[in-house]
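*Asks:*
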Amino acid sequence: MKDTPGLPQSLLVLGGTSEIALATARRLIARRTRTVWLAGRPSPALERAAEDLRGLGADVHTVAFDALDTDSHEAALGKVFAESDVDMVLLAFGLHGDQARDERDPAAAVRIAQTNYTGAVSAGLVTARALQAQGHGSLVVLSSVAGERARRRDFIYGSSKAGLDAFAQGLGDALHGTGVHVMVVRPGATTPQAVATAVELGLRRRSETVWVPGTLRVVMAALRHVPRAVFRRLPV
Ligand SMILES: NC(=O)c1ccc[n+]([C@@H]2O[C@H](COP(=O)([O-])OP(=O)(O)OC[C@H]3O[C@@H](n4cnc5c(N)ncnc54)[C@H](OP(=O)(O)O)[C@@H]3O)[C@@H](O)[C@H]2O)c1
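Taking this note's numbering, the leading residue of the sequence shown gets 5, the next gets one more, and so forth.
1) Out of 217, 207 and 187, state which residue places its alpha-carbon closest to the alpha-carbon of residue 145.
2) Can you give me the start and stop residues for the beta strand (DSSP E) that residue 32 sits inside?
3) By Cβ distance, which residues of its chain are closer than 7 Å to residue 173, with the 5 residues on each side in sequence left out?
4) Pull up the CB-CB distance for residue 199 and residue 216, whole angstroms please, since I reckon it's below 8 Å.
5) Quick check on the burial criterion: 16 or more other C-beta atoms within 10 angstroms. Buried or exposed for residue 219?
6) Is residue 190 helix, strand or coil by DSSP?
7) Start and end of the alpha helix (DSSP H) containing residue 131?
8) Give me the residue from 28, 212, 185 and 15 with the minimum Cα distance to residue 39.
9) Kindly examine ligand 1 and report whether one of its heavy atoms sits closer than 6 Å to the Cβ of residue 96.
10) Starting from residue 14, follow its DSSP beta bridges and name the residues at the other end.
11) Is residue 191 near ligand 1, judged by its Cβ being under 6 Å from some heavy atom?
12) Please go through the stretch 56-114 and give each complete beta strand (DSSP E) segment of 3 or more residues, from N-terminal end onward.
13) Under the rule that 16 or more other beta-carbon atoms within 10 Å means buried, what is residue 234, buried or exposed?
14) For residue 35, is the beta carbon positioned less than 6 Å from some heavy atom of ligand 1?
15) Work out the CA separation of residue 194 and residue 201 for me, nearest whole Å.
16) Return helix, strand or coil for residue 146, following the three-state DSSP convention.
17) Terminal residues of the continuous beta strand (DSSP E) containing residue 213?
18) If residue 210 sits next to residue 10, beta carbons under 8 Å apart, how far is it from one beta carbon to the other, in whole angstroms?
19) Within 10 angstroms of its Cβ, does residue 237 collect 16 or more other Cβ (buried), or is it exposed?
20) So the candidates are 50, 77, 227 and 51; which of them puts its Cα closest to the Cα of residue 132?
21) Compute the Euclidean distance between the alpha carbons of residue 197 and residue 20, then round it to the nearest angstrom.
Here is the structure:
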């Protein structure tokens, strides 16, 4: 379609109940998307999300997917690509956790790291290879502004996002020139709808990095250079 360059006809969401992912799916369905695969841990919420998107006219399927069960990713996600081409993968799963509690409970902190980083490395590589085999498609990765610089108030989450962000940037470079596009999205405190709007714009422009809101790019460029002794006292 001439009026929708870069926008997908088929979408695979990893983290099928994510509010940001569902806002993005709704927006893309209103534009061009016809088929949606919602991959996530089986639950009534996942089925409700699928029903909601069906109500918008899309053909929606659910797929059992657990980010922590990396051994199953190849089979679970491979099935989707075996059935049809996927124009866009949205890697949306993630856990924020509770910093104070997780500092006292290393096992809980490890779960955050394993979900946000290890799970994403596995699912990212599996889907990137499938997109490469197709010869086209976008992998959109929901990182976070929290990964840009460690903050006292959420450094367990932030460090997992820093790892994810670096991984996704490197993967994008590795896939450059293959026809597969990797886009890293770094939301701050904002609405799912604002992220969805920014994702659409980024897809149209084939951006590699998207900040939401866009002004964060400048703010973080400045904050990156603030000395630690000053940064730790800032209310960020
Ligand atoms: N909201 C924000 O302001 C914001 C800001 C910056 C970055 N982000 C990032 O953007 C992404 C989406 O955020 P959101 O606000 O839409 O999140 P959300 O509504 O809290 O959804 C999180 C998703 O992660 C899934 N998930 C958690 N553990 C999983 C596992 N082991 N296997 C499979 N799925 C798992 C959840 O599935 P279940 O239904 O099974 O729990 C859910 O679908 C996250 O990565 C988040 O870190 C969000």
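In this text, a Cβ means the ideal position worked out from N, Cα and C, and glycines have one as well.
All figures in this text were calculated on a predicted structure; none of them were measured in a lab.
*Replies:* Quick answer:
1) 187 is the residue among 217, 207 and 187 whose C-alpha sits nearest the C-alpha of residue 145.
2) Element bounds for residue 32: not the beta strand (DSSP E) but the alpha helix (DSSP H), 23-35.
3) 188
4) 5 Å
5) Exposed: under 16 other Cβ atoms inside 10 Å.
6) If DSSP states are grouped into helix, strand and coil, residue 190 belongs with the strands.
7) Here the alpha helix (DSSP H) through residue 131 covers 123-138.
8) 15
9) yes
10) 39
11) yes
12) 63-68 and 92-95
13) exposed
14) no
15) 12 Å
16) strand
17) 213-216
18) 6 Å
19) exposed
20) 77
21) 16 Å
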